[in-house]
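Peer 1:
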Amino acid sequence: MSKLEKALEKAKQTRDTGTDADTVVSGRPAPAGPVCLDPDYVHTRICKLDEASMQKEGLLSPYCHPVIMEQFNLVKSKLIDRMNPDGYRSLLVASPKQDDGKTLTAVNLAISLTRDKTRTVMLIDTDFRRPSVTGYFGIEDGRGLYDHLSESVPLSELLINPGIPRLTILPAGTIKDHPADFLSGPAMHSFVTEVKKRYTDRFIIFDSPPLLAFSDGFELSSYVDGVLMVIRSQKTTSEDLKHALEILKGRRIFGTILNRVSKNGLPIKDYKKYYK
């Protein structure tokens, strides 16, 4: 067994137990009874769905390759099975380093979750160092969470619906000084408490900065029910994964996604050719 395989096995053991031994986290009960949600975005800014941009960026859409759709459906199903019994509904998507694919994973997971008409999804870009969530939807950068934390801009002026039913995005915003201070400060605590309390039907996904580059991810992990780790095939080393898991010691790890893995020796870009 390779070092990376051993590190993945350790992550799996942590996931299977639901948490490290010294973790104490309480989940919030899930809403009772099936409800079909069709939100009326009265205050939320609605953007036209840019299908060309979605296809170019590799987002889940009617035009994406079925292999990609199938894999995210599997991730969604396993994640829901792990979170629902305890009423968990907040998640941090993190990775050891940049370019591991965490943001694309967070975006596609959010899209996949909206297909369940009994829930809505809020995707929050908390990667203040390199915000990119809105770019995947072809939406220009603007005000967002940072502006809410630093200048108390109302959330109603910041939330965006990208044209996908039941999905709301909160961009990172116009980042200025000391982003780590805002993510760990009292305003952030109040914000997280507020969105969890106000939107009891919502699944909340936070896109994290790289764990090994900044302390932000560790701070953010204290606000959520658990973490989904994204690592990249042929790039993430066993030491990187081990160090990232050590940073999150005491936090609940819901699972680990091995990103950009090949199938039968073919990279993801060759899936279409392979399945013809």
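Reminder that position 252 of the sequence shown reads as 906 in my numbering, one-by-one numbering, no gaps. Even for Gly, the Cβ is constructed at its ideal location relative to N, Cα and C.
What residue from L803, Q752, P716, K850 has the CA that sits closest to S862's CA?
Peer 2: The shortest C-alpha separation from S862 is found at Q752.
Peer 1: Would you say the stretch 713 to 727 touches the stretch 842 to 853, given that touching needs at least three Cβ pairs under 8 Å?
Peer 2: The stretch 713 to 727 vs the stretch 842 to 853: no contact.
Peer 1: Helix, strand or coil: how does DSSP classify R856 here?
Peer 2: Reduced to three states, the DSSP call for R856 is strand.
Peer 1: Per DSSP, what kind of secondary structure is V881 in: helix, strand or coil?
Peer 2: Correct three-state label for V881: strand.
Peer 1: Thinking just about the alpha-carbon of each residue, which of N727, H897, G755 is nearest to the one in I885?
Peer 2: It is G755 whose Cα lies nearest to the Cα of I885.
Peer 1: Confirm, please, whether the CB-CB distance from S875 to V881 is below 8 Å.
Peer 2: Against a cut-off of 8 Å, the Cβ pair of S875 and V881 comes out as a contact.
Peer 1: Does the beta-carbon distance from I793 to I814 come in below 8 Å?
Peer 2: Yes, they are a contact pair.
Peer 1: Count the other CB atoms within 10 Å of the CB of H802; is the residue buried (16 or more) or exposed (fewer)?
Peer 2: Answer is buried; the Cβ neighbour count reaches 16.
Peer 1: So if DSSP puts S744 in a beta bridge, which residue, or which two residues, is it bridged to?
Peer 2: Partner(s): I858.
Peer 1: Rounded C-beta distance between M883 and T822? I'm assuming under 8 Å.
Peer 2: Not a contact, Cβ separation roughly 24 Å.
Peer 1: I believe R743 touches R856 by the beta-carbon criterion, under 8 Å. Please report the beta-carbon distance rounded to the nearest angstrom.
Peer 2: Right, their Cβ atoms sit about 7 Å apart.
Peer 1: Reducing DSSP to helix, strand and coil, say where T774 ends up.
Peer 2: Strand.
Peer 1: Straight-line CA distance for L997 to V747?
Peer 2: Limits of the chain in this structure are 655 at one end and 930 at the other, which puts residue 997 out of reach.
Peer 1: Taking only three categories from DSSP, how would you classify R908?
Peer 2: Correcting the residue identity first, residue 908 is Phe in this sequence and not Arg. In the structure shown, F908 sits in a strand (DSSP, three-state: E or B).
Peer 1: Assuming G789 and L703 are in contact, meaning their beta carbons sit under 8 Å apart, how far apart are those beta carbons, in whole angstroms?
Peer 2: Going by Cβ atoms, the distance from G789 to L703 rounds to 15 Å, so no, they are not a contact pair.
Peer 1: Please report the distance separating the alpha-carbon of I901 from that of M737.
Peer 2: So the two alpha carbons sit approximately 22 Å from each other.
Peer 1: Assuming I765 is part of the alpha helix (DSSP H), what are its boundary residues?
Peer 2: Counting along the chain, the alpha helix (DSSP H) containing I765 begins and ends at 756 to 767.
Peer 1: Within its chain, find whatever has a CB closer than 8 Å to the CB of T768; leave out the 5 residues flanking it on each side and keep chain order.
Peer 2: Excluding positions up to five away in sequence, the list reads T774, V775, I818, P819, R820, L821.
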